[in-house]
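Colleague:
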Amino acid sequence: MEKPVGIIMGSQSDWPTMREAAVLLDELGIAYETKIVSAHRTPDRLWEYGKTAVSRGLKVIIAGAGGAAHLPGMMASKTRVPVIGVPVQTKALSGVDSLYSILQMPKGYPVATMAIGAAGAANAGLMAAGILAINDPALAERLDAWRQALSDSIPQEPKDD
């Protein structure tokens, strides 16, 4: 089975955040692969992943990283596959360092940057789904239904707990 989405992260410690993207993709029935690809500690793995992304059938890459957060940008420099960056929350600067590193890309290497942390990872899954749904009517229907269910889950009036 083709896996159109790659979820990559800089280290094992990023998985609790990046799992949120996987949860959304699972809910929408989208196949994906997960890999640890450190821009600094495994640069050869990063180059190989980026160079082979198209030939392996990837359509979107979700890349999460904390701290210096070079993974999303470096991946964007190695492939034409759209990259969605997720800043992982850090202890030192609460993920603001990661956010700035991911969104401040030079012209020519775009990275769609999500919010810091778990909400950003979940939204990355939804963004990937939206990209794929452009050419997949069945997925578009599932995504529309998911969004409608979210809207329907919000009460019109507040209640006391």
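According to the working numbering, the sequence shown is numbered sequentially starting from 172. We put the CB at the ideal spot given by N, CA and C, even for glycine.
For T250, I'd like the list of residues in its chain whose CB is within less than 6 Å of its CB, leaving aside the five on either flank, ordered along the chain.
Modeller: As a working note, residue 250 is residue 79 in the sequence shown. Taken in chain order, the residues that qualify are G221 and A224.
Colleague: Taking 8 Å as the cut-off, does the region 267 to 275 touch the region 294 to 303 (at least 3 CB pairs, one atom from each stretch)?
Modeller: no
Colleague: Compute the Euclidean distance between the alpha carbons of A304 and H241, then round it to the nearest angstrom.
Modeller: Taking the sequence shown and counting its residues from 1, the one referred to as residue 304 is at position 133. Taking the sequence shown and counting its residues from 1, the one referred to as residue 241 is at position 70. Using only the alpha carbons, I get a separation of about 28 Å.
Colleague: Cα separation between M180 and A234?
Modeller: Start at 1 with the first residue of the sequence shown, and residue 180 comes out as number 9. Start at 1 with the first residue of the sequence shown, and residue 234 comes out as number 63. So the alpha carbons of these two residues sit roughly 6 Å apart.
Colleague: Is the beta carbon of V254 closer than 7 Å to that of I232?
Modeller: Against the sequence shown, residue 232 aligns to sequence position 61. Against the sequence shown, residue 254 aligns to sequence position 83. It is a contact, given that the beta carbons lie within the stated cut-off.
Colleague: Nearest CA to the CA of Y203: which residue from R190, P214, T213 and S209?
Modeller: Translated into positions along the sequence shown, residue 203 becomes position 32. That would be R190, whose Cα lies nearest to the Cα of Y203.
Colleague: Based on the DSSP secondary-structure assignment, which residues constitute the bridge partners of Y203?
Modeller: Position 32 of the sequence shown, counted from the start, is the residue given in the question as residue 203. Residue pairing from DSSP places Y203 in a beta bridge opposite V176.
Colleague: Looking at G288 and Q260, is the spacing between their C-beta atoms short of 7 Å?
Modeller: The residue labelled residue 260 in the question sits at position 89 within the sequence shown. The residue labelled residue 288 in the question sits at position 117 within the sequence shown. It is a contact, given that the beta carbons lie within the stated cut-off.
Colleague: Let's test the definition: count the other Cβ atoms within 10 Å of the Cβ of V208 and tell me whether it reaches 16, buried, or not, exposed.
Modeller: Within the sequence shown, the letter at position 37 stands for residue 208. Burial call: buried.
Colleague: Which residue marks the beginning of the beta strand (DSSP E) containing G256, and which one marks its end?
Modeller: Stepping through the sequence shown from its first residue, residue 256 is reached at position 85. Counting along the chain, G256 sits inside the beta strand (DSSP E) bounded by residues V254 to P258.
Colleague: Which one of A192, M245, K262 and P214 has the shortest CA to CA distance from P281?
Modeller: Along the sequence shown, one-based indexing puts residue 281 at 110. For the residues A192, M245, K262 and P214, the minimum Cα distance to P281 belongs to M245.
Colleague: Keeping to the same chain, check which residues put their C-beta closer than 6 Å to that of A210; ignore five residues upstream and five downstream.
Modeller: As a position in the sequence shown, residue 210 is number 39, starting the count at 1. Excluding five sequence positions before and after A210, the CB atoms of its chain that fall closer than 6 Å to its own CB belong to L217, H241, L242 and M245, given in chain order.
Colleague: Would you mind listing the beta strand (DSSP E) stretches within the region 238 to 308 that are 3+ residues and don't spill past its ends, in chain order?
Modeller: Qualifying beta strand (DSSP E) stretches, in chain order: 254 to 258.
Colleague: Buried or exposed: which applies to A247, given that a residue is buried once 16 or more other Cβ atoms fall within 10 Å of its Cβ?
Modeller: The residue given as residue 247 occupies position 76 in the sequence shown. A247 comes out buried.
Colleague: Let me check one thing: in DSSP terms, what residues is G235 bridge-paired to?
Modeller: The residue you call residue 235 lines up with position 64 of the sequence shown. BP columns for G235 point to M180 and V257.
Colleague: In whole angstroms, what separates the C-alpha of A293 from that of Q319?
Modeller: Locating residue 293 in the sequence shown gives position 122, counting from the first residue. Locating residue 319 in the sequence shown gives position 148, counting from the first residue. Cα to Cα, A293 sits roughly 17 Å from Q319.
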